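Below is one structure, written out as structure tokens; comments come after it.
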Amino acid sequence: MAALIRRSRLLPSNLNQAKTAFSTSCAASTARRFFQVIPVREDENGLPSKAMASSALASLGARGFCRPMKPYKPADDVEDRVKAIYEDVLGQKADSAWLQTPITEPLVKFRLLTRCIKEFGHDIPNSQLMNVKCADDVVEFFSTPVEGLSPYELLVRQKDQLPKNLHVIPNYVRFHPETDTFFGGVNAYPGTSTIVTGLKAKKKYKGYVSSPTWPYTISSQN
């Protein structure tokens, strides 16, 4: 009887220890189930391979192709100037095969490209940085002229040479009461406004604000 009483007194502490141990084991098993470390596989160039690289390229390509580009006309002595910057950054004389020498050190690549950007006044977009692997790629980039036109603007420029089933409308068809006076400047949709939001579009197209109720007074867009 005394033994049973002693065991009953020890039961609560043993029970609490058992509960604590059970909770700890459940938490550990749950963490093992939901916590996984997925390694990023890289190719021989240290870049994410296959699926991740394809996804990154698709993301860059989907950012729009009609963005304005700054025109650039390359100088005649691009290679000589890049070579001088290359020697200054490395602190040594360039050898005969300097154009094919890989640029693997990130700090050297950063200093070389920033110096070239400042020298030629021509920025390198992020989508082209991965293609710069040696000095020859730097020379090729700064030797390539840029017309500053988007692919759509090139189509507009060559509209006389396009196929017969392709027609390009270079300008928007917009109504404005000051210029469209055929019906006395009355809009087909009274009470509606033409709001031009883009900074570049505001230089080309004029907007206006119309009151939604009669007499539909019109004011210029700021």
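Going by the working numbering, the residue at position 41 of the sequence shown is 51; the numbering climbs one at a time, nothing skipped. Backbone N, C-alpha and C define an ideal beta-carbon position, used for all residues, glycine too. Since this is a predicted model, take the numbers as computed values, not measurements.
C-beta atoms of Tyr215 and Val206 nearer than 7 angstroms: yes
Contact under 7 angstroms by Cβ, Lys83 with Pro155: With contacts defined as CB atoms closer than 7 angstroms, Lys83 and Pro155 qualify as a contacting pair.
Proximal residues to Val88 (C-beta, below 7 angstroms), its chain only, five neighbours per side dropped: Within the same chain, Val88 has close Cβ partners Val149, Phe152, Ser153.
C-beta atoms of Arg121 and Val99 nearer than 7 angstroms: In contact: Arg121 and Val99 (Cβ atoms closer than 7 angstroms).
Reduced DSSP category for Ile228 - H, G, I as helix; E, B as strand; rest coil: In this structure, Ile228 counts as strand in the three-state DSSP scheme.
Rounded separation between Val47 and Ser137 - CA only: Its pLDDT being 46, under 50, Val47 is placed unreliably in this model, and the coordinates cannot settle the point.
Alpha carbon of Phe193 to alpha carbon of His177, nearest angstrom: 29 angstroms
Rounded C-alpha distance that separates Glu129 from Pro173: 42 angstroms
Ile1 versus Arg125: straight-line alpha-carbon distance, rounded: Since the first residue of the chain shown is 11 and the last is 232, residue 1 is not available in this structure.
Bridge-paired residues (DSSP) for Val219: Ser229
Inter-residue spacing [alpha-carbon to alpha-carbon] between Pro187 and Thr223: 17 angstroms
Nearest to Asp147 (by Cα), restricted to the options Pro180, Gln110, Gly158: Gln110
Rounded straight-line distance, which links the Cα of Leu159 to that of Pro112: 32 angstroms
Residues bridged to Asn88 [DSSP beta-bridge criterion]: First, the amino acid is wrong: residue 88 is Val here, not Asn. In the DSSP output, where bridge partners are listed per residue, Val88 has none listed.
Counterpart residues of Pro112 in DSSP-defined beta bridges: Cys144
Under 7 angstroms between C-beta atoms of Ser203 and Ser229: no
Rounded separation between Ser106 and Lys93 - CA only: 11 angstroms
Tyr96, DSSP secondary structure in three states: Helix.
Residues bridged to Tyr82 [DSSP beta-bridge criterion]: Val156
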